[in-house]
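Chemist:
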Amino acid sequence: MATATARHLLVDSEELCNELKQRIQNGEDFAAIAQEYSQCPSGQAGGDLGKFSQGQMVPEFDKVVFNEALNEVHGPVRTNFGYHLLEITSRED
1 MATATARHLL VDSEELCNEL KQRIQNGEDF AAIAQEYSQC PSGQAGGDLG KFSQGQMVPE
61 FDKVVFNEAL NEVHGPVRTN FGYHLLEITS RED
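Quick note: the sequence shown uses full-length UniProt numbering, first residue 1, plus one each step.
(1) Give the straight-line distance between the Cα atoms of V64 and G47, rounded to the nearest whole angstrom.
(2) Let's see if you can read the secondary structure: which residues bound the alpha helix (DSSP H) around E19?
(3) Can you pull the DSSP bridge partners for D93?
(4) Buried or exposed, going by whether 16 or more other CB atoms sit within 10 Å of the CB of R78?
(5) Beta carbon of A6, beta carbon of L86: below 7 Å?
(6) Would you call the segment 37-52 in contact with the segment 6-18, where contact means no fewer than 3 C-beta pairs closer than 8 Å?
(7) Take residue 94 and list the residues in its own chain whose beta-carbon comes closer than 8 Å to its own, dropping the five residues that flank it on each side.
(8) Please report the Cβ distance between N71 and T89, rounded to the nearest whole angstrom; I am assuming they are in contact, meaning their Cβ atoms lie under 8 Å.
(9) Opposite A6 in the DSSP bridges: which residues?
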């Protein structure tokens, strides 16, 4: 089964999510922004989700994590929880 490691941040608006993505793409630290803005408990760990298997996260999350490029910021990804930015740090088939 495929596994991955990733980090993310969760906010309640697409506008804020896009603003934070731009800041990260302009060189600000993903982990620092996650600690300041993320509404998910993982934010305190810089958004680190650790290692997980395909199917453990919501489908919108899996679609990005198991198909998109590594080490790039993806999103906003909308789920029932809000809007996410995702960075896939590793993936194994």
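Beta carbons are placed, not taken as given, at the ideal position from N, Cα and C, and that holds for glycine.
Modeler: Working from what's here:
(1) 16 Å
(2) E14 to Q25
(3) Secondary-structure assignment with DSSP links D93 through no beta bridge to anything.
(4) exposed
(5) yes
(6) yes
(7) Because the chain spans 1 through 93 in this model, residue 94 falls outside it and cannot be assessed.
(8) 7 Å
(9) Paired residues: I88.
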